[in-house]
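**Q** Quick note, the sequence shown lines up with residues -14 to 149 if you use the working numbering.
Even glycine gets a Cβ: it sits at the ideal position worked out from N, Cα and C.
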Amino acid sequence: MASFPSSRFSRNQNQHGAATITISSDSGGSSVHSIVDVSSDDEATSKRRWSLEDERAVLATIADLRMRVNGGMIPPASAILDELRRNGALTRCGVSARKLSRKVYNLRRKFATSAKKAAANGGKLKRRTKHRDKKLYEESQDVWPEMLEDGGYSYLQARPARRR
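#1: Could you pull the start and end residues of the alpha helix (DSSP H) that I59 belongs to?
#2: Thinking C-beta only, is W129 closer than 8 Å to R93?
#3: For E68, I'd like the list of residues in its chain whose CB is within less than 7 Å of its CB, leaving aside the five on either flank, ordered along the chain.
#4: Just tell me which of A64, L133 and L75 has its CA closest to the CA of D39.
#5: Pick from S63, T98 and F96: whose alpha carbon is nearest that of S81?
#6: How big is the Cα-Cα spacing for K88 and F96?
#7: For L110, which three-state DSSP category applies?
#8: Which term fits S99, buried or exposed, when burial requires 16 or more other beta carbons within 10 angstroms of its beta carbon?
#9: Round the Cβ separation of I59 and V43 to the nearest angstrom and send it over; I've been treating them as touching at under 8 Å.
#10: First and last residue of the alpha helix (DSSP H) that includes A104?
#11: Could you check how far apart the C-beta atoms of K119 and L110 are, in whole angstroms? I think they sit under 8 Å.
#12: Kindly list the residues whose CB is nearer than 8 Å to the CB of G56, restricted to its own chain and excluding five residues on each side of it in sequence; keep chain order.
#13: Quick check on the burial criterion: 16 or more other C-beta atoms within 10 angstroms. Buried or exposed for Q142?
#14: Do E124 and R41 have their C-beta atoms closer together than 8 Å?
#15: Which of the three DSSP states, helix, strand or coil, is assigned to K119?
#16: Grab me the residues of D26's own chain with a C-beta within less than 6 Å of its C-beta, minus the 5 sequence neighbours each way, in chain order.
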């Protein structure tokens, strides 16, 4: 029968807050220690993912600026960011105009896809659609009403042509 070396595991946090796991094993009189950094998926996800409140604040600000200031045109990301900062609407830290521009692009793409699905379903999203996606779809209708008319078709068709 084979004998396996005994191992001990301990989990600690270093001075930067990152989790580490120390693995100690005794094998034939020698002791081996390994330290492994573990970055929590939850920590990484919380840093990457925008909160629903922040996304809704971005959409509401775009809709407001579009109607009030820009005469129906989507304002530049820097103007949206200035307005969000002025109102204190964002809880997310470290947002630059570039990051916000990317977020607006992703929200628009997501809305076009949802509008296409809704158009195929008689103008309504399916019942099993996530709460978050329903709320963003509802808010986006005020921002990009022209996409609702054709179910996002023209936007989705133009996207591959832009990549060339």
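**A** Answer, in terms of the structure:
#1: Element bounds for I59: n/a, residue is neither H nor E.
#2: yes
#3: T46 and L50
#4: L75
#5: S63
#6: 12 Å
#7: coil
#8: Buried is the call here.
#9: That belief does not hold up - the Cβ atoms of I59 and V43 are roughly 12 Å apart, past 8 Å.
#10: A82 to A105
#11: 6 Å
#12: Hits under 8 Å: none found.
#13: exposed
#14: Yes. Within cutoff.
#15: In this structure, K119 counts as helix in the three-state DSSP scheme.
#16: Because the pLDDT of D26 is 49, which lies under 50, any placement of that residue in the model is unreliable, and the question is left without a value.
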